Amino acid sequence: MNVNVRKVAIIGCGFVGSTCAYTLMQHGLFSEMVLLDADRARAEGEAMDISHGLLFAKPMNIYAGDYDDLKDAAVVIITAGANQKPGETRLDLVRKNAKIFRSIIPELNARGFAGILLIVANPVDILTRLTQQISDLPEERVFGSGTVLDTARLKYLLGEHLSVDSRSVHTFIIGEHGDSEIPVWSSSNVSGVPLHDFCEMRGFYDHDGAMEKIGESVKNSAYEIIERKKATYYGIGMAVQRICEAVVRDEKSILPVSTALHGEFGVDGVTLSIPAIVGSDGVERIVPIALNEREKELLQTSAELLKKTMREIE
Ligand SMILES: NC(=O)c1ccc[n+]([C@@H]2O[C@H](COP(=O)([O-])OP(=O)(O)OC[C@H]3O[C@@H](n4cnc5c(N)ncnc54)[C@H](O)[C@@H]3O)[C@@H](O)[C@H]2O)c1
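Residue 38 is where the sequence shown starts when you use this note's numbering, and the numbers rise one by one after that.
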């Protein structure tokens, strides 16, 4: 199957899918976008509404379609699934959304889909692993948005805390996109200045307290937003746009996407977030970032938790 590099498709056009569609439309990366939803009218309505903004962006063909329409897309983004309800953890969602994925992926296999599959629905690490197992695509062409959003949240909060442009903050959240995620404090820096030194330059000396507070705040961001407005979608929409850009432009950007580990950091047979080189063929390779012993242990614990959940749905 030939792939049209200017074509993207989104499966699931709820809050997240439609926001991804709107964000992608504004950036002009693609010239064709197919929207697919179990609720066809919803996909049609979104396609109409978003198309009406095209005059103020760049020409693009946006339409509601079905699986035959998306088989040659360069990137298919899957956001289909229930979202997190107040009080529900991402892992609670697993059974519901695994069932949905088991109905979607065979449709892509049957049509010889050969592009990139970007998984966004939660729990994203589990659904990415499941997709890698049941998709006909090579493993590197299936990955999840992972902790790209969590890392953006961490950089944003650190930028606010230190009164510095968050784009100058270099750090990663790794592991599960969820409760066991890990901020990699040991190598965090602000434009090459070790984080603690930069903090002291700004008059902050309680490093342990600040790391605890900011790390927890990142981890609880989704819960906090869902409690107030029922869903999160703008941040993830921007993160999805960024990942698509890395793929379509073959940028070889280093992004903490959810990808399969095979022995790296002592983790095997689990899909979780770790910085990786992302380009037109998907995940080119994992980046061997420096982790201290504690971070490595936490990563292994996060992997064990994900393995346990995987076993529950197999
Ligand atoms: N990875 C992240 O960082 C991140 C961030 C926010 C939300 N999410 C996740 O994204 C997912 C979607 O969230 P939402 O707020 O858009 O939910 P939503 O309920 O608004 O939308 C889900 C959509 O999926 C559709 N759908 C369900 N089954 C389908 C199927 N078999 N085929 C096609 N469409 C189907 C529904 O009709 C609905 O329109 C959730 O799992 C949520 O937890 C992930």
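Beta carbons: idealized from backbone N, C-alpha and C, even for Gly. None of these values were measured; they are calculated from a predicted model.
Have a look at residue i and residue j and give me their C-alpha separation to the nearest angstrom.
i	j	result
M248	V227	15 Å
I115	H244	39 Å
L232	Y193	14 Å
D202	G196	6 Å
L186	I47	18 Å
D318	K266	36 Å
V294	L309	8 Å
H299	I323	10 Å
M70	V42	11 Å
I142	G246	44 Å
A135	Q170	12 Å
V179	T165	7 Å
V320	S225	23 Å
D129	E351	15 Å
So is the beta-carbon of residue i under 7 Å away from any non-hydrogen atom of ligand 1?
i	result
L186	yes
V324	no
F209	no
F140	At residue 140 the sequence reads Ser, which differs from the Phe that was named. Yes; taking the cut-off as 7 Å, the Cβ of S140 has a heavy atom of ligand 1 nearer than that.
D76	yes
L130	yes
F52	yes
A268	yes
T308	no
V157	yes
L73	yes
S182	yes
A46	no
T116	yes
I350	no
N146	no
G196	no
H233	no
A119	yes
R204	no
V161	yes
G319	no
G49	yes
I137	yes
R79	yes
So if DSSP puts residue i in a beta bridge, which residue, or which two residues, is it bridged to?
i	result
H299	D305
A313	L292, I323
V179	L154
P96	Per DSSP, none; premise fails for P96.
H207	N226
L73	I48
V113	A46, L154
G212	S310
Using 8 Å as the threshold, is the region 103–117 in touch with the region 135–151, meaning 3 or more CB pairs across them?
yes
Does the region 332–344 come close enough to the region 312–322 that 3 or more CB-CB pairs lie under 8 Å?
no
How about the region 275–286 and the region 58–69: do they share at least three Cβ pairs that are nearer than 8 Å?
They touch, by the three-pair rule.
The region 266–273 touching the region 180–195, judged by at least three CB pairs closer than 8 Å
yes
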